[in-house]
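The structure appears right after this line, and notes come after that.
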Ligand code: 7TS
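Residue numbers (the working numbering): 1262 to 1658.
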């Protein structure tokens, strides 16, 4: 593994990067793929008659096939490139809202969603005259599936739920959540932003209808993401954005739309970033997703145990099935103060509400300090975090 940025020095300390839920760092082969693209291949895709355009198109479509295999979609038609999870959920919410939501309908979301899996649904509901229902969760950060079951009625049109909480680390039982929704004839969108870098994601096994994720949280460049959409459902949705590439024929009277997945890819995509995503998938497959998952599970257990030795610490998110995200508070200290002091010691964490304000309201706290893991995180990094916390705790408690 070669992540050049991890050799950075911060205020005279070795960088200890524990903000992987915000974005992961990039391995050398991803960075080189991106620069090689601009050095040797740059051209627009799907339209040029020339050599470079043909090469770039082939490579771009090659990554689509790679993504299809990576998440086990049935066909490349089910893989739409976006700019990230946020754009992906907006795409589905906007198209689904216009196509399939009516006045009085209901959309179920969980109480632990990132704002990007709440606000697009609020916007869609507002337009349609529909409303949101919310699945509550326990103090440990586990969704209440009994309440979830009781939320369904004849007006329920869609369930939107995160695979892994970016704040609590909870891995939600998506297969069960999908099975319950499907028993009620309702499709499910899964926000996979925090899952794809950490576990094998098989959309057919999960059974979900939509699955959205960002490349930049799985070692790829920023600016690329994916919507998986089950073909039967995706083909029923109206286009999200209008423009080049998404059409078959345009006259001033009438436009016919392109086939899947191009119908949802208006305009010039971020070709270099898509190729970078392909390199990131190669990197993950080379490392072995199971190996990554095992490494992070071991580290999560180690980190949780060590953090609990720090005086005054409280961990938020203690579900039995967690990914490598640890949110905590130190006594009554403001999370921002803890984060700032950790930074001065070279330890990069995120502080605040992590774009999950309803979770903070649920616990009655302003925010947390969050350490999040990746495949390159080591026990030495965790020790550095714990040592730094032990140094700053006396200043804050
Ligand atoms: N959904 C989840 C669960 C997320 O964690 C994030 C980003 C998003 C959606 C949005 O992804 P984007 O790539 O479109 O921005 N989460 C975080 C985070 O936890 N810290 O910074 C960004």
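Where a beta carbon is used, it is the ideal one built from N, C-alpha and C, also for glycine. Nothing here was measured: the structure is a model prediction, and the numbers come from that model.
Can you name the start and end residues of the beta strand (DSSP E) that residue 1510 belongs to?
1508-1511 is the extent of the beta strand (DSSP E) around residue 1510.
Using a Cβ-Cβ distance under 8 Å, would residue 1549 count as near chain B?
Among the chains of the structure shown, chain B does not appear; only one protein chain is present.
Whole alpha helix (DSSP H) elements within the stretch 1593-1636, 4-residue minimum
You should have 1596-1605, 1618-1624.
Alpha carbon to alpha carbon, how far is residue 1577 from residue 1587? Give it in angstroms, no decimals.
Going by the C-alpha atoms only, they are around 7 Å apart.
By DSSP, does residue 1368 sit in helix, in strand, or in coil?
In the three-state reduction of the DSSP assignment, residue 1368 falls in the strand class.
By how many angstroms is the C-alpha of residue 1441 removed from the C-alpha of residue 1410?
Computed Cα separation, rounded: 7 Å.
Residue 1335 beta carbon near the ligand 7TS (any heavy atom closer than 7 Å)
Residue 1335 Cβ: outside cutoff for every heavy atom of the ligand 7TS.
For residue 1521, which of helix, strand or coil comes out of DSSP?
The DSSP-derived three-state label of residue 1521 is coil.
Reduced DSSP secondary structure (H/G/I, E/B, other) of residue 1443:
DSSP places residue 1443 in helix when its eight states are reduced to three.
Measuring CB to CB, does residue 1356 end up less than 8 Å from residue 1501?
Yes, they are a contact pair.
Report yes if the C-beta of residue 1283 is less than 7 Å from at least one heavy atom of the ligand 7TS; otherwise report no.
Yes, the beta carbon of residue 1283 sits closer than 7 Å to at least one heavy atom of the ligand 7TS.
From which residue to which residue does the alpha helix (DSSP H) around residue 1653 run?
For residue 1653, the enclosing alpha helix (DSSP H) has its first and last residue at 1640-1657.
Do you know whose CA, among 1339, 1299, 1404, lies nearest residue 1429's CA?
When only C-alpha atoms are compared, the closest one is 1404.
Given 8 Å as the limit, is there contact between the stretch 1556-1576 and the stretch 1635-1652, that is, 3 or more CB pairs closer than that?
They touch, by the three-pair rule.
Can residue 1423 and residue 1433 be called in contact, C-beta distance under 8 Å?
Taking 8 Å as the Cβ cut-off, residue 1423 and residue 1433 qualify as a contacting pair.
Using the three-state DSSP reduction, which class does residue 1284 fall into: helix, strand or coil?
Here residue 1284 sits in coil by DSSP.
Where residue 1471 sits in the DSSP three-state scheme:
In the three-state DSSP reduction, residue 1471 falls in the strand class (E or B).
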